[in-house]
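J.: The opening position of the sequence shown corresponds to residue 1 in UniProt numbering, with each subsequent residue numbered one higher. The structure follows.
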Amino acid sequence: HKYGCRIVQRLLEHCKPEQVGGLTELLLADAAALCRHSYGNYVMQHILEHGSAEQKGHILEVLSRSMAAIGADPYGCAVVRAAMSHAPLQDQAALARIVLEQPGVLEYLAYARHGHVAVRDVLQVLDGAQLEEAKARLAAGSDSLRSSRYGR
């Protein structure tokens, strides 16, 4: 629900962890679907920004297992972007490698409204051969990226 996600975000932000523990458990149990939901993705982003290390770790694990589906989804891109912004550096590097390993995910993110920011973050944490591979894949589609709204 359009306003329900905002209510949940405020609850997670202002209530004590023990007050919203049950709610958080329910949300995290369905994290893969919520990452791709038009309103649920905002709650997942909020947990990545304000949640406990354990809660963030759960979402990062879901992203790691389901990057092909979540990273190639318009709403999921925003969650990947939030993870690349708010996760610890070692988890960002692991996610960046997973984005690179999944066929087509890097390219889709580059075209997406929220994904292009995630690609910038991916390029910042990769190094060596992986960075060169990412640059080469993006360069291969540079003409179509330049013509897209977010790929520029």
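Cβ coordinates follow ideal geometry from the N, Cα and C atoms, glycine included.
Please list, in chain order, all residues of the same chain as S38 whose beta carbon is under 8 Å from its beta carbon, the five residues on each side excluded.
T.: Your numbering for residue 38 matches position 38 in the sequence shown. Answer for S38: Y75, listed in chain order.
J.: Going straight from the alpha carbon of residue 154 to that of I47, what length do you get?
T.: This structure cannot settle anything about residue 154, because the visible part of the chain is limited to 1 through 152.
J.: For the putative contact between A87 and L95, defined by C-beta atoms under 8 Å, what is the C-beta separation to the nearest angstrom?
T.: Taking the sequence shown and counting its residues from 1, one reaches residue 87 at position 87. Taking the sequence shown and counting its residues from 1, one reaches residue 95 at position 95. About 7 Å; that satisfies the 8 Å criterion.
J.: Report yes if the C-beta distance between L34 and V20 is below 8 Å; otherwise report no.
T.: Working through the sequence shown from its first residue, we reach residue 34 at position 34. Working through the sequence shown from its first residue, we reach residue 20 at position 20. No, these two residues do not count as a Cβ contact at 8 Å.
J.: Evaluate R113 with the Cβ neighbour count: other Cβ atoms within 10 Å of its Cβ, from every protein chain shown; 16 or more gives buried, anything less gives exposed.
T.: On the sequence shown, residue 113 is found 113 positions in, with the first residue counted as 1. So R113 counts as exposed.
J.: Pick helix, strand or coil for K135, following the three-state DSSP scheme.
T.: Taking the first residue of the sequence shown as 1, we reach residue 135 at position 135. K135 falls in the helix class under three-state DSSP.
J.: So, helix, strand or coil for L100, using DSSP?
T.: In the sequence shown, residue 100 corresponds to position 100, counting from 1. Three-state DSSP puts L100 in a helix.
J.: For D106, count neighbouring Cβ atoms within 10 angstroms of its own Cβ and tell me buried if that reaches 16, exposed if not.
T.: Position 106 of the sequence shown, counting from 1, holds the residue named residue 106. Checking the sequence shown, residue 106 turns out to be Leu, not Asp. L106 comes out buried.
J.: Could you tell me the alpha carbon to alpha carbon distance between A78 and K16, rounded to whole angstroms?
T.: The residue labelled residue 78 in the question sits at position 78 within the sequence shown. The residue labelled residue 16 in the question sits at position 16 within the sequence shown. Near 26 Å, if we compare the C-alpha coordinates of K16 and A78.
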